[in-house]
């Protein structure tokens, strides 16, 4: 497509099998026709956000964009990470969501804490879903991060799968940080809100199997701690 | 001071010795008197941004804030990191600067590349300096990150100290990521602009001793790569 770098993946939530003809949704059509200036006969990569990496060939680039599915590879799921996070200050959640999606986190779970609850979360969730989609496409990943409905911290902890590895970011945490995020299955991290977790919440988490980890020799903001953990996790797992 | 978490450090660029009386600059005075509601006789921590951690006692909180310097500890410099970075897209440099400062990076060096140059850098530098200061205070670090004047990539590479460890973030980098950032002295990372480094620039960097490292098994945006590296660096060095 003439770009110096590979273009972003197309996001096609409905992706039929090889040989099928498809009409691209308007966002994807705009990207192909206007941004990348794709031509008939050229191929583009797409994903369904659930692990599929497809090659499609453009068959029409006027009055919308038509294409034919050439091939689909379904990628094996790698290690998984969930981020449970109290609200940071201001608008910092927006880019936190974007970065977590770039790092390949599977689920972003906002949690309401005693010292901070998510307001207007409904509005933001639509925005976050768009940011997660854009980050997936840009980073050429094939799995769309789930942005969950905010839950109270107790509910969020109760709903975790058995056997998951659990970490709690904590300025005074003692666990070796090199271990944080190393997990063959599902790694979960809990990050307190800007005002921190209360003693009670900390105890609830510890009893639920969360191990405190320190990510820097300094105090990190909520979103920075979440991000630092995710950066380490993605680096240690790929 | 009644806050649940420790308050941010005060930034006092001029910090006289123990026993001295000082008049707080207006920003610091506002923070102490209005935000923290400090009272006469209470102590507050402050830094000069050059490694000093001081305790000061409030002697007046009306018509400005007066204080007496009680003690000063000068912290030993730890491992050092510089981030050389091409321009990311849009306004993403703002929070990149904030996060690098939270992670304890010593110097942020914007570099102009063939595929991206920093515009209106003068205006932004003042803003970035404020963000770096706020991040230092918030994370209770005692060293202020330097925000350098943008340099052409060749100039930036030539001005690096001898003997520094040098890393280049690269989607196809082969070096083990666990090593990235492990350095007893000065670690330097070079991150290309949104459009990437050119082949020529990559060669220049390699000849200057930069080792390509891959930080995730996906493509990361400019600011995300810089951040991922800094998160790993701070985690491995404290």
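Protein chains in written order, with this note's numbering: chain A, 130 to 367; chain B, 130 to 367. For glycine and all other residues, C-beta sits at the position ideal for the given N, C-alpha and C.
By a C-beta neighbour count over all protein chains shown, 10 Å radius and 16 as the cutoff for buried, is residue i buried or exposed?
i	result
residue 200(A)	exposed
residue 240(A)	buried
residue 272(A)	buried
residue 291(B)	exposed
residue 166(B)	exposed
residue 217(B)	buried
residue 230(B)	buried
residue 146(A)	exposed
residue 413(A)	In the structure displayed, chain A extends from 130 to 367; residue 413(A) sits before or after that span and is not available.
residue 284(A)	exposed
residue 287(A)	exposed
residue 253(B)	buried
residue 354(A)	buried
residue 255(A)	exposed
Measure the beta-carbon distance from residue i to residue j and round it to whole angstroms, keeping in mind my assumption that it falls under 8 Å.
i	j	result
residue 149(A)	residue 198(A)	5 Å
residue 316(B)	residue 208(B)	7 Å
residue 205(B)	residue 161(B)	Contact doesn't hold; Cβ gap of about 28 Å is too wide.
residue 242(B)	residue 215(B)	4 Å
residue 223(B)	residue 260(B)	6 Å
residue 357(B)	residue 360(A)	4 Å
residue 244(A)	residue 341(A)	Not a contact, Cβ separation roughly 18 Å.
residue 186(A)	residue 196(A)	6 Å
residue 302(A)	residue 331(A)	Residue 302(A) to residue 331(A), Cβ: 11 Å. No contact.
residue 352(B)	residue 225(B)	4 Å
Could you tell me which residues DSSP pairs with residue i in its beta bridges?
i	result
residue 200(B)	184(B)
residue 238(A)	213(A)
residue 153(A)	Paired residue(s): none; residue 153(A) is not in a bridge.
residue 280(A)	240(A)
residue 275(B)	236(B)
residue 140(A)	176(A)
residue 294(A)	316(A)
residue 245(B)	242(B)
residue 189(A)	195(A)
Select from the options the residue whose C-alpha is nearest the C-alpha of residue i.
i	options	result
residue 221(B)	350(B), 357(B) and 359(B)	350(B)
residue 269(A)	136(B), 365(B), 300(B) and 142(B)	300(B)
residue 155(A)	147(A), 191(A) and 364(A)	191(A)
residue 365(A)	234(A), 218(A) and 186(A)	234(A)
residue 138(A)	236(A), 180(A), 297(A) and 170(A)	180(A)
residue 168(A)	354(A), 176(A) and 189(A)	189(A)
residue 135(B)	288(B), 152(B), 141(B) and 164(B)	164(B)
residue 247(B)	277(B), 171(B), 153(B) and 327(B)	277(B)
residue 295(B)	177(B), 347(B), 335(B) and 225(B)	335(B)
residue 326(A)	177(A), 211(A) and 282(A)	282(A)
residue 297(B)	211(B), 152(B), 140(B) and 144(B)	211(B)
residue 275(A)	289(A), 263(A), 262(A) and 236(A)	236(A)
residue 346(B)	347(A), 333(A), 363(A) and 339(A)	363(A)
residue 264(B)	178(B), 143(B), 153(B) and 171(B)	178(B)
residue 227(A)	257(A), 293(A) and 213(A)	257(A)
residue 238(A)	182(A), 183(A), 170(A) and 319(A)	319(A)
Helix or strand or just coil, what does DSSP make of residue i?
i	result
residue 348(A)	coil
residue 194(A)	coil
residue 102(A)	Given a span of 130 to 367 for chain A in the structure shown, any question on residue 102(A) remains unanswerable.
residue 337(A)	coil
residue 319(B)	strand
residue 310(A)	Low confidence applies here, because residue 310(A) scores a pLDDT of 48, under 50, leaving its location unreliable; read the following figure in that light. In this structure, residue 310(A) counts as coil in the three-state DSSP scheme.
residue 259(B)	helix
residue 269(B)	coil
residue 342(A)	strand
residue 358(B)	helix
residue 331(B)	helix
residue 253(B)	helix
residue 231(A)	helix
residue 371(A)	Outside the shown range of chain A (130 to 367) lies residue 371(A), about which nothing can therefore be said.
residue 287(A)	helix
residue 205(A)	coil
residue 365(B)	helix
residue 162(A)	helix
residue 135(B)	coil
Report yes or no: is there a C-beta of chain D within less than 9 Å of the C-beta of residue i?
i	result
residue 268(B)	Of the chains in the structure shown, none is chain D; the protein chains are A and B.
Should residue i be counted as a contact of the ligand FAD given a C-beta to heavy atom distance under 8 Å?
i	result
residue 329(B)	Looking for the ligand FAD in the displayed structure turns up nothing, as the structure carries no ligands at all.
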